[in-house]
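> Take the sequence shown: its position 48, counting from 1, is numbered 48 in the UniProt record's numbering, and each next residue is one higher.
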Amino acid sequence: MGFNLRGAILANVANSTEDDVKATIDDAMQSGEEKMLPGLGVLFEVYWRQADEQSRQQVISSISQGLQR
């Protein structure tokens, strides 16, 4: 029986406020721990699913620019 990591992460952040989400992201970025990467990925997936095409393109552009540095 496999562990549903995505489901566990979503359950952990369910009903989070904007401040909670920001704190979660800031903590993950500051800690630099690789174990935080799946959580950031799930948060990104939540964003991506609700974003319109223009918002998605802005993110793609920002990430692409960041990778060039």
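A virtual CB, placed ideally from N, CA and C, is assigned to each residue, including glycine.
Computed from a prediction, not measured in an experiment: that's the story for all the values here.
Relative to the C-alpha of Ile-25, which residue among Gln-58, Val-42, Gly-66 is closest?
For this step, residue 25 is matched to residue 25 along the sequence shown. Closest by alpha carbon: Val-42.
> For Arg-56, I'd like the list of residues in its chain whose CB is within less than 8 Å of its CB, leaving aside the five on either flank, ordered along the chain.
As a position in the sequence shown, residue 56 is number 56, starting the count at 1. Taken in chain order, the residues that qualify are Trp-48.
> Answer yes or no: do Ala-23 and Met-36 have a C-beta to C-beta separation smaller than 8 Å?
For this step, residue 23 is matched to residue 23 along the sequence shown. For this step, residue 36 is matched to residue 36 along the sequence shown. Not closer than 8 Å, so no.
> Nearest CA to the CA of Ala-8: which residue from Glu-53, Asp-20, Gly-32, Pro-38?
In the sequence shown, residue 8 corresponds to position 8, counting from 1. The residue among Glu-53, Asp-20, Gly-32, Pro-38 with its C-alpha nearest the C-alpha of Ala-8 is Pro-38.
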